[in-house]
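Peer 1: As they're listed, the protein sequences go chains A and B.
Take the first sequence: its position 290, counting from 1, is numbered 290 in my numbering, and each next residue is one higher.
Take the second sequence: its position 88, counting from 1, is numbered 1088 in my numbering, and each next residue is one higher.
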Amino acid sequence: MRKYRMPNRNRIIDITDLQKLIPRNGIPIVFALCVFTLLTLVFCGIALGSIKIPVSEIDNILFARESSNTAWNTIVWQIRIPRTITAVLVGGSLGVAGLQMQTLFRNPVADSSILGVTAGATWGVALSVLIGTATPATDFASAIGWAFTSVTTLSAILGAALVLFVILLAAQKVKSVGILLIIGLMTSYVLGSSVTLLLAYADPENIQRYISWGFGSFRSPGWRGLFWLAPLLILSSIIATASAKQLNAVLFGEAYAKSIGINTRILNTITLASAAICTGAVTAFCGPITFIGIAAPHIARMLTKTSDHFVLIPSTLLVGAIVATLAEIVAQLPGHDSVLPLNAITALIGAPIVIWILIKYQASTYSP
Amino acid sequence: MNILNSNARRNEILLSTDQLEIGYGSQVLIGDLNLNIRCGEIIALIGENGSGKSTLIRTLAGVQPSIDGRISLNGYPLHKLDTNERAKNMATVSILTAENIMLTGYKFVSHGRYPHIGWNGRLRPADHGVVSESLELVKASHLAERAIHSLSDGEMQRLVIARALAQQPSLLFLDEPTMFLDQSTKLILLNLLKDLAVKHGLAIVSATHDIEYFQQISDTVWNIDSEQVSPKIHSSNTEDFVMSIRDNFSQRMALPLDPDLFHNKVFIDAPDDLKALARQLFRRHAWEITEFKAKSDYSITVSMNENSNRSQIQWFLINQKKLSEISGNSFRELVAAINSISSTSDQIP
């Protein structure tokens, strides 16, 4: 009688076999290039601006903290450095929040603004700006000692928090992410139309203030704003990084994720909370920053050629920071007095790049 | 290394349902389900479109809540089981679209290790071993470096199964696994499933429209009868099922089984139609069919009892060496006899 042959019972794992399976592509090179680019841009962001400061002086100001010109010292330390740090943090975390939304909703044009949190913050700002400065919010702000920040920021925080609360509540009740997406959109529409109503009856002067807030700016938070903004953004990025495994699982849909042991309800709640906190904080302090959330994940995907979130999240952080810093430098119009609206710049330079990359990438991977 | 638990005790109940009702919301699709799944059993789940095959699979796999009743896995209530623990015991294979998802085959299959590893997704050497072995089992090692969006449906299907095997489950659910597959790929898949069940004791439940193929490897058929007001599932031995509807099928389709599976030689003496069934039955249980009575280890005589219904048969199974004899009068008993011989003989070294 033929003996039963058990398959590979004593098979020894050959290490060279494993090494062959680890893809040898250019991911480390991409990371190195991104870090180098980011560092260069950060330096440029500090060195360049409407007032010309010699590079040799920048070195003095940064490391010796003294300069022949105290005004330069102030400009670098009080304006350019916080501005650049804000750009790096906001760009990176908005990019990751966009990536989370694209994966969770399986929608390539999603970013964190579809949750309605941006609309919530905008609505708060519109209320306080368009109705007038003498609102209860002012009294509230001084009462709780938050007078450090402007009324605009405070009302934006309240508006964003309100929507965040509604969304998290919905995430507990609703089973499918598709419905959550629609709830977010509907919330945006409701808040958007109430803003339109306010605009119809507001003073032109207030409308002007509201519109210029909507341009977006990395200069407005300053050191004081960063004190609140930075921890929130770092926290949301850490949450996103920690859920990379779950995000990978949800690439193929919720049923698939469940079948490999992922609790999708917890994942949805955590992901929505972190993306909403990030977006709410950014909108409150910097205004509604658009485009980076959609573009950064796409650029990162094209560069690394993978959908693996363990690679995508760090690369999206870097790419988001690069895009934001670059946009901020361009918006300052180095050597010129005026400042361009940030949101105009991000899309103006970013959109053609994304389209070009998408077309090029599609030609290289999808052709037979 | 052997990634699947080959010590699974045959015929031990793995999953059972008690008065289970499945459906959506308050709409009951199928009720009063008392089903058992045993180690190493292959179950073909058939029924019309919309009769609830996928719903049943999702419910049993714990992905969709049931309306009423209980499911227990190894005697433990399924709904109390942690999602990770569930995924270590049960895996599901369903159609996936990999469009716009950029992963290598290896990365994709390594998703199957997620229930076993920590939040940082780091694979230990043992996990890499399981992933490579899963790829080998489905003969897809050459797909490890390919981008999954460039694969054909059949290749992708193999990777999906490899991913499920990497979970090291004791129970595998498949939803229409032969859909989109060509004939030869179907046969490869069926051989693979048979192999997994016979060699590794994996229990397999597969929803399928290809019963002509599946009857060749399955032990049990769950037939969803949706013509009644309250649909029910009839669970029957595959032979009994085939006997009851044999006129609808061509039973001559030869499934080229892996010769490694054969270990007991049997000579079959029966009328033509019964012989075809008996051949399938023995091949399904990995016996080698021989044309010479003298060279066989066992011989069987099957005859039909003309007076009673069609699934009534009379059989004698004779051990040629010891000249001992077992007999019975249903395919169900014959299956039990074959199983008892298989498990007591020297198949496991």
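Even for Gly, the Cβ is constructed at its ideal location relative to N, Cα and C.
Can the beta-carbon of Ser188(A) be found less than 8 angstroms from the beta-carbon of Ala119(A)?
Peer 2: If you number the first sequence from 1, residue 188(A) lands on position 188. If you number the first sequence from 1, residue 119(A) lands on position 119. A contact, by the Cβ cut-off of 8 angstroms.
Peer 1: What would DSSP say about Gln1167(B), mapped onto helix, strand or coil?
Peer 2: As a first step, residue 1167(B) must be located in the second sequence, where it is residue number 167. If DSSP states are grouped into helix, strand and coil, Gln1167(B) belongs with coil.
Peer 1: When you compare only the Cα positions, how much space is there between Phe148(A) and Trp228(A)?
Peer 2: Looking up residue 148(A) in the first sequence gives position 148. Looking up residue 228(A) in the first sequence gives position 228. For Phe148(A), the pLDDT reaches just 44, beneath the cut-off of 50, and the residue's location in the model is therefore unreliable, although a value from the coordinates is still provided. Near 11 angstroms, if we compare the C-alpha coordinates of Trp228(A) and Phe148(A).
Peer 1: Give every residue of the same chain whose Cβ lies closer than 6 angstroms to the Cβ of Phe1331(B), excluding the five residues on either side of it in the sequence, and list them in chain order.
Peer 2: Position 331 of the second sequence, counted from the start, is the residue given in the question as residue 1331(B). For Phe1331(B), where only same-chain residues beyond five positions count, the Cβ hits under 6 angstroms are Asn1237, Glu1239 and Asp1240.
Peer 1: Quick one: grab the DSSP three-state call for Val1205(B).
Peer 2: Counted from its first residue, the second sequence places residue 1205(B) at position 205. Strand.
Peer 1: Relative to the alpha-carbon of Ile85(A), which residue among Gly320(A), Gln246(A) and Ile277(A) has its alpha-carbon at the smallest distance?
Peer 2: Numbered from 1 along the first sequence, position 85 holds the residue referred to as residue 85(A). Out of Gly320(A), Gln246(A) and Ile277(A), Gly320(A) has the C-alpha closest to the C-alpha of Ile85(A).
Peer 1: For chain B, check one thing: does any of its Cβ atoms lie closer than 8 angstroms to the Cβ of Ser220(A)?
Peer 2: Locating residue 220(A) in the first sequence gives position 220, where the first residue counts as 1. No, because no Cβ of chain B sits closer than 8 angstroms to the Cβ of Ser220(A).
Peer 1: Give a yes or no on whether the minimum CB-CB distance between Gln1167(B) and chain A is below 8 angstroms.
Peer 2: As a working note, residue 1167(B) is residue 167 in the second sequence. So, interface residue.
Peer 1: With H, G and I counted as helix, E and B as strand and the rest as coil, what does DSSP make of Met1243(B)?
Peer 2: Numbered from 1 along the second sequence, position 243 holds the residue referred to as residue 1243(B). Of the three classes helix, strand and coil, the one that applies to Met1243(B) here is helix, per DSSP.
Peer 1: List, in order along the chain, the chain A residues whose C-beta lies closer than 8 angstroms to that of Ala1061(B)?
Peer 2: Along the second sequence, read from residue 1 onward, the residue named residue 1061(B) stands at position 61. Result: Ser259.
Peer 1: Listed in chain order, which residues of the segment 305-334 of chain A have Cβ atoms closer than 9 angstroms to some Cβ of chain B?
Peer 2: The residues in question are Lys305, Thr306, Ser307, Asp308, His309 and Phe310.
Peer 1: Using DSSP with H/G/I as helix, E/B as strand and the rest coil, what is Asn73(A)?
Peer 2: Stepping through the first sequence from its first residue, residue 73(A) is reached at position 73. Of the three classes helix, strand and coil, the one that applies to Asn73(A) here is helix, per DSSP.
Peer 1: Specify whether the segment 1127-1145 of chain B and the segment 1084-1095 of chain B touch according to this definition: at least 3 beta carbon pairs, one from each stretch, less than 8 angstroms apart.
Peer 2: Because the criterion of three Cβ pairs below 8 angstroms is not met, the segment 1127-1145 of chain B and the segment 1084-1095 of chain B do not touch.
Peer 1: Is the CB of Val151(A) under 8 angstroms away from at least one CB in chain B?
Peer 2: Counting from one through the first sequence, the residue named residue 151(A) turns up at place 151. Cβ-Cβ to chain B under 8 angstroms: no for Val151(A).
Peer 1: Could you tell me if Thr271(A) is buried or exposed, where buried requires 16 or more neighbouring beta carbons within 10 angstroms of its beta carbon?
Peer 2: Taking the first sequence and counting its residues from 1, the one referred to as residue 271(A) is at position 271. That one is buried.
Peer 1: Grab the span of the beta strand (DSSP E) containing Tyr1024(B) for me, first residue to last.
Peer 2: As a first step, residue 1024(B) must be located in the second sequence, where it is residue number 24. Taken as a continuous stretch (DSSP letters only), the beta strand (DSSP E) holding Tyr1024(B) covers Ile1013 to Tyr1024.
Peer 1: Restricting to Cα atoms, I'd like to know which of Asp1272(B), Leu1096(B), Asn1100(B) and Ala1286(B) is closest to Ala1197(B).
Peer 2: For the purposes of this step, residue 1197(B) is identified with residue 197 of the second sequence, where counting begins at 1. Among Asp1272(B), Leu1096(B), Asn1100(B) and Ala1286(B), the Cα nearest to that of Ala1197(B) belongs to Ala1286(B).
Peer 1: Among all the DSSP beta bridges, which residues are the ones paired with His1285(B)?
Peer 2: Stepping through the second sequence from its first residue, residue 1285(B) is reached at position 285. Beta-bridge pairing links His1285(B) to no other residue.
Peer 1: List the endpoints of the continuous alpha helix (DSSP H) containing Ser1054(B).
Peer 2: The residue labelled residue 1054(B) in the question sits at position 54 within the second sequence. Looking at the DSSP string, the run of the alpha helix (DSSP H) that includes Ser1054(B) is Lys1053 to Leu1060.
Peer 1: Should the segment 210-230 of chain A be regarded as contacting the segment 159-167 of chain A, the criterion being three or more beta carbon pairs within less than 8 angstroms?
Peer 2: Judged by Cβ distances under 8 angstroms, the segment 210-230 of chain A makes no contact with the segment 159-167 of chain A, as fewer than three pairs qualify.
Peer 1: Touching or not, the segment 337-349 of chain A and the segment 265-284 of chain A, by the rule of three or more beta carbon pairs under 8 angstroms?
Peer 2: The segment 337-349 of chain A is not in contact with the segment 265-284 of chain A.
Peer 1: Assuming Asp1297(B) contacts Lys1265(B) under a Cβ cut-off of 8 angstroms, what Cβ separation, rounded to an integer in Å, is found between them?
Peer 2: On the second sequence, position 297 is the one that residue 1297(B) refers to. On the second sequence, position 265 is the one that residue 1265(B) refers to. The Cβ separation is near 5 angstroms, so the contact holds.
Peer 1: Give the range of the beta strand (DSSP E) segment to which Trp228(A) is assigned.
Peer 2: Along the first sequence, read from residue 1 onward, the residue named residue 228(A) stands at position 228. It is not in any beta strand (DSSP E) - Trp228(A) instead sits in the alpha helix (DSSP H) that spans Gly222 to Ala242.
Peer 1: Would you mind telling me which residues of chain A sit closer than 7 angstroms to Lys1107(B), beta carbon to beta carbon, in chain order?
Peer 2: Taking the second sequence and counting its residues from 1, the one referred to as residue 1107(B) is at position 107. Residues of chain A passing the Cβ test: Asp308.
Peer 1: What does DSSP give as the partner residues of Phe1267(B) in its beta bridges?
Peer 2: The residue you call residue 1267(B) lines up with position 267 of the second sequence. Partner(s): Thr1290(B) and Ser1299(B).
Peer 1: Using a Cβ-Cβ distance under 8 angstroms, would His1111(B) count as near chain A?
Peer 2: To locate residue 1111(B), count along the second sequence from 1; it is residue 111. Chain A, which has a Cβ nearer than 8 angstroms to the Cβ of His1111(B), makes this yes.
Peer 1: Which chain B residues sit within Cβ distance under 7 angstroms of Asn107(A)?
Peer 2: Numbered from 1 along the first sequence, position 107 holds the residue referred to as residue 107(A). Per Cβ cutoff of 7 angstroms: no residues; Asn107(A) is ~11 angstroms from chain B at best.
Peer 1: So what's Asn1034(B) in DSSP terms, helix, strand or just coil?
Peer 2: In the second sequence, counting from the first residue as 1, residue 1034(B) sits at position 34. Coil.
Peer 1: Short of 7 angstroms Cβ to Cβ, which residues in the segment 1113-1136 of chain B face chain A?
Peer 2: Listed by position along the chain: Tyr1114, Pro1115, Trp1119, Gly1121, Pro1125, His1128, Gly1129, Ser1132 and Glu1133.
Peer 1: Can you tell me whether Phe1214(B) is helix, strand or coil according to DSSP?
Peer 2: Within the second sequence, the letter at position 214 stands for residue 1214(B). Helix at Phe1214(B).
Peer 1: Going by DSSP, what residue range makes up the beta strand (DSSP E) through Thr304(A)?
Peer 2: Here the question's residue 304(A) lines up with position 304 in the first sequence. That residue, Thr304(A), is in no beta strand (DSSP E); its alpha helix (DSSP H) goes Ile292 to Thr304.
Peer 1: For the beta strand (DSSP E) containing Asn1319(B), name the first residue and the last one.
Peer 2: Position 319 of the second sequence holds residue 1319(B). Start and end: Ile1313 to Asn1319.
Peer 1: Taking 7 angstroms as the limit between beta carbons, can you name the residues of its chain near Phe105(A), skipping five residues before and five after?
Peer 2: As a first step, residue 105(A) must be located in the first sequence, where it is residue number 105. Hits under 7 angstroms: Val177 and Leu181.
Peer 1: Could you pull the DSSP bridge partners for Val1070(B) from this structure?
Peer 2: As a position in the second sequence, residue 1070(B) is number 70, starting the count at 1. Per the sequence presented here, residue 1070(B) reads as Arg, with Val not at that position. In the DSSP output, where bridge partners are listed per residue, Arg1070(B) has Asp1018(B).
Peer 1: Determine the contact status of Ala1162(B) and Val1138(B), defining contact as a CB-CB distance below 8 angstroms.
Peer 2: Here residue 1162(B) refers to the residue found at position 162 of the second sequence. Here residue 1138(B) refers to the residue found at position 138 of the second sequence. Against a cut-off of 8 angstroms, the Cβ pair of Val1138(B) and Ala1162(B) comes out as a contact.
Peer 1: Do you know offhand how far Asp1082(B)'s Cα is from Pro1115(B)'s?
Peer 2: Position 82 of the second sequence, counting from 1, holds the residue named residue 1082(B). Position 115 of the second sequence, counting from 1, holds the residue named residue 1115(B). The straight-line gap from Cα to Cα measures roughly 10 angstroms.
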